[in-house]
Amino acid sequence: QQQVKQSPQSLIVQKGGISIINCAYENTAFDYFPWYQQFPGKGPALLIAIRPDVSEKKEGRFTISFNKSAKQFSLHIMDSQPGDSATYFCAASMLGDYKLSFGAGTTVTVRA
Amino acid sequence: ETGVTQTPRHLVMGMTNKKSLKCEQHLGHNAMYWYKQSAKKPLELMFVYNFKEQTENNSVPSRFSPECPNSSHLFLHLHTLQPEDSALYLCASSQQEGDYGYTFGSGTRLTVV
Chain A
1 QQQVKQSPQS LIVQKGGISI INCAYENTAF DYFPWYQQFP GKGPALLIAI RPDVSEKKEG
61 RFTISFNKSA KQFSLHIMDS QPGDSATYFC AASMLGDYKL SFGAGTTVTV RA
Chain B
113 ETGVTQTPRH LVMGMTNKKS LKCEQHLGHN AMYWYKQSAK KPLELMFVYN FKEQTENNSV
173 PSRFSPECPN SSHLFLHLHT LQPEDSALYL CASSQQEGDY GYTFGSGTRL TVV
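Here the protein sequences come in this chain order: A and B. Per our numbering: the first sequence ends with 112, consecutive numbering throughout. Per our numbering: the second sequence ends with 225, consecutive numbering throughout.
Quick look at the structure:
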């Protein structure tokens, strides 16, 4: 049973556009929500993460929005660039449990 | 390199072969993981080691045998694999406490023929 549901499975965006990936979870004990970026032939790399005490976190062109009441969080990629083309995974873990539960991944293609 | 090194990067093996995948980290992390990544499927957790002790075996067939001799090294021993075992095998490590971010290796691309 997948604890974190991610959508869409893939998306195509024009250069300069906004990419939005959504994730939903059921376990209210989750307290850490990272996003990973994976390029072909590489392992996933931590991109940005958020804890539920804040509703938004921004790092450069990447923003996580967090809605605790809806148990949803999303990744926004502003001014998308061809170099952002990759697969993105959301994940979640809970205090005292270091294991991450991953979403299924979203393949983002940025067209020049 | 990300701090987690996996070897070999690519491996082709026959169904009757025995081979091993190696993972090494010098980040001072306590926990190490094996994941299987197949095309168009979610990351599948296979094994978890915490302070060298196996804490999780996610119903993995016995043809996959993990070994963790110390906190820095993790192996995955393979024998009599099936073609459907062809995938990218990822190793990751993390701290048990504090931020729970994983550091992944680049993976071993395994092809079973």
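Backbone N, C-alpha and C fix where the C-beta goes; we use that ideal spot for every residue, glycine too.
Consult DSSP for residue i and reduce its assignment to one of helix, strand or coil.
| i | result |
| --- | --- |
| Asp53/A | coil |
| Pro44/A | coil |
| Pro120/B | coil |
| Pro173/B | coil |
| Met127/B | coil |
| Gln37/A | strand |
| Tyr32/A | strand |
| Lys58/A | strand |
So the beta strand (DSSP E) residue i belongs to, where does it begin and stop?
| i | result |
| --- | --- |
| Glu26/A | Per DSSP, Glu26/A belongs to no beta strand (DSSP E) and is neither H nor E. |
| Ser65/A | 62-67 |
| Glu196/B | Run containing Glu196/B: none; DSSP gives neither H nor E here. |
| His76/A | 72-77 |
| Ser7/A | 4-7 |
| Arg221/B | 220-224 |
| Pro181/B | 176-182 |
| Met158/B | 156-162 |
| Lys148/B | 143-149 |
| Gln81/A | Element bounds for Gln81/A: n/a, residue is neither H nor E. |
| Ile18/A | Counting along the chain, Ile18/A falls outside any beta strand (DSSP E), and DSSP gives it neither H nor E. |
Taking residue i and residue j to be in contact with their CB atoms under 8 Å, please state how far apart those CB atoms are, rounded to whole angstroms.
| i | j | result |
| --- | --- | --- |
| Gly43/A | Phe216/B | 3 Å |
| Gln149/B | Leu155/B | 6 Å |
| Val130/A | Phe66/A | The question about residue 130/A has no answer here: the residues shown for chain A are numbered 1 through 112. |
| Ala24/A | Pro34/A | Actually they are not in contact, since the Cβ atoms of Ala24/A and Pro34/A sit about 16 Å apart, beyond 8 Å. |
| Leu100/A | Tyr88/A | Rounded, the Cβ-Cβ distance is 14 Å, inconsistent with contact. |
| Ser218/B | Arg121/B | 7 Å |
| Asp79/A | Val108/A | No, Asp79/A and Val108/A are not in contact; Cβ-Cβ is about 13 Å, not under 8 Å. |
Identify every residue that forms a DSSP beta bridge with residue i.
| i | result |
| --- | --- |
| Phe102/A | Ala91/A |
| His185/B | Glu136/B, Asn182/B |
| Thr215/B | Ser205/B |
| Thr167/B | None; Thr167/B has no bridge partner. |
* Identify each residue in the region 211-222 of chain B for which the Cβ-Cβ distance to at least one residue of chain A is less than 9 Å, and report them in chain order. => Asp211, Tyr212, Gly213, Tyr214, Thr215, Phe216, Gly217, Ser218, Gly219, Arg221
* Asked: When you check each C-beta in the region 168-196 of chain B against every C-beta of chain A, which residues fall closer than 8 Å?
  -> Glu168
* Mind listing which residues of the region 54-79 of chain A have their C-beta closer than 9 Å to chain B's C-betas, in chain order? -> none
* Asked: Name the residues in the region 41-55 of chain A whose C-beta lies less than 8 Å from a C-beta of chain B; which are they?
  -> Gly41, Lys42, Gly43, Pro44, Ala45, Leu46, Ala49
* Using a Cβ-Cβ cut-off of less than 7 Å, list which residues of the region 2-21 of chain A approach chain B; keep chain order. => Gln2
* To do: Using a Cβ-Cβ cut-off of less than 7 Å, list which residues of the region 127-142 of chain B approach chain A; keep chain order.
  => none
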